[in-house]
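Q:
Residue numbers (our numbering): 44 to 321.
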């Protein structure tokens, strides 16, 4: 059904807007402990950037432009990375915001990572039950990069003592819920450390809001005795949905020919960056 409208936004109060009204940026910055801010956005470039990812990137650059500080971008793998680099360069040219690309291995080399992982391993039964209710184990994925394989569910890991993990491959990765959890705790430690000259603000899609953070990040952080009121501020981008009210899916997770109706109507730019940039 096509419904004509008057192009007027009424900004009804609801949810968080009851608190920050029209001053959302001011509200965010008031809850950042340091004047220098780094914004973290995360993407897995295992498919072409669809419109939802582009919206999230736009939000992050817009926030950074308001703050006029450095943007930090975190990514997982190198497939399709050229599209992401091109998108970041375009956003940089529009906004003047500086960005930095970091691999998961760069994040894993964070000086606080060892301590955070050790603490999680000590509480692995509680954290595993919270993050992975089916397997009830923490998903420290053991990667075999030379074969393109991974022990995705951590079944081959052996724990020795309270905080040692033995695996058949030295390269450890995290599944999405654990990575989100680890990142929140590591950034929390950075924000409260007076020797770190900047604070972290996180930007991600709205599909990671509400229950996802409430049940996984905040409850998990409390198990580690982290003060959840001091976790980094998270800004959520608008969710781009399809006709069924589900978010647009990346190409990795859908069958060939999916979203054919969008292509037939020349809306394929919503799911494919090469079409979007034309």
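Glycine included, each C-beta is placed from N, C-alpha and C at the ideal position.
1. Distance check for residue 123 and residue 158, CA to CA, integer angstroms please.
2. For the candidate residues 274, 133, 290, whose alpha-carbon lies nearest to that of residue 280?
3. Would you mind sorting residue 243 into buried or exposed? The rule is 16 or more other CB atoms within 10 Å of its CB.
4. Check whether the segment 226 to 242 touches the segment 75 to 82, taking contact to mean three or more Cβ pairs, one atom from each stretch, closer than 8 Å.
5. Would the segment 268 to 280 count as touching the segment 228 to 238 if we require 3 or more Cβ pairs under 8 Å?
6. On the three-state DSSP scale, how would you describe residue 314?
7. For residue 83, which of 282, 308, 230 has the nearest alpha-carbon?
8. On the three-pair Cβ rule with 8 Å, is the segment 296 to 316 touching the segment 246 to 260?
9. Measuring only the C-alpha atoms, how far is residue 173 from residue 66?
10. At the level of alpha carbons, what is the spacing between residue 311 and residue 176?
11. For residue 69, does the count of other Cβ atoms within 10 angstroms reach 16, so buried, or fall short, so exposed?
12. Quick check: residue 223 and residue 259, are their CB atoms within less than 8 Å of each other?
13. Report yes if the CB atom of residue 130 is closer than 8 Å to the CB atom of residue 316, and no otherwise.
14. Identify every run of the alpha helix (DSSP H) within the segment 69 to 131, keeping only runs that are complete inside it and at least 4 residues long; order them along the chain.
15. So, is residue 321 buried or exposed, given that buried needs 16 or more other C-beta atoms within 10 angstroms?
16. Who are the Cβ neighbours of residue 250 in its own chain at under 7 Å, not counting the five residues just before and after it?
17. With DSSP as the reference, identify every bridge partner of residue 166, one or two as the case may be.
18. Under three-state DSSP, which class holds residue 247?
19. What residues are listed by DSSP as bridge partners for residue 284?
A: Concretely, from the data shown:
1. For the purposes of this step, residue 158 is identified with residue 115 of the chain shown, where counting begins at 1. For the purposes of this step, residue 123 is identified with residue 80 of the chain shown, where counting begins at 1. One C-alpha to the other measures close to 33 Å.
2. As a first step, residue 280 is located in the chain shown; it is residue number 237 there, counting from the start. Among 274, 133, 290, the Cα nearest to that of residue 280 belongs to 290.
3. Within the chain shown, the letter at position 200 stands for residue 243. So residue 243 counts as buried.
4. yes
5. Inter-segment contact for the segment 268 to 280 and the segment 228 to 238 is present: three or more beta-carbon pairs are separated by less than 8 Å.
6. The residue you call residue 314 lines up with position 271 of the chain shown. Correct three-state label for residue 314: coil.
7. Here residue 83 refers to the residue found at position 40 when the chain shown is read from its first residue. Of the listed residues, the one whose Cα sits closest to residue 83 is 230.
8. no
9. Indexing the chain shown from 1 puts residue 173 at position 130. Indexing the chain shown from 1 puts residue 66 at position 23. The alpha-carbon atoms of residue 173 and residue 66 are separated by roughly 35 Å.
10. As a first step, residue 311 is located in the chain shown; it is residue number 268 there, counting from the start. As a first step, residue 176 is located in the chain shown; it is residue number 133 there, counting from the start. Between residue 311 and residue 176, the C-alpha separation is close to 37 Å.
11. Locating residue 69 in the chain shown gives position 26, counting from the first residue. Burial call: exposed.
12. Taking the chain shown and counting its residues from 1, one reaches residue 223 at position 180. Taking the chain shown and counting its residues from 1, one reaches residue 259 at position 216. Yes.
13. Start at 1 with the first residue of the chain shown, and residue 130 comes out as number 87. Start at 1 with the first residue of the chain shown, and residue 316 comes out as number 273. Yes, the pair counts as a contact, with Cβ atoms nearer than the cut-off.
14. 94 to 110
15. In the chain shown, residue 321 corresponds to position 278, counting from 1. Residue 321 is exposed by the Cβ-count criterion.
16. Along the chain shown, one-based indexing puts residue 250 at 207. Within the same chain, residue 250 has close Cβ partners 282, 290.
17. Taking the first residue of the chain shown as position 1, residue 166 is located at position 123. Paired residues: none, contrary to the question.
18. Counting from one through the chain shown, the residue named residue 247 turns up at place 204. In the structure shown, residue 247 sits in a strand (DSSP, three-state: E or B).
19. Translated into positions along the chain shown, residue 284 becomes position 241. The partner list for residue 284 (beta bridge, DSSP) reads 290.
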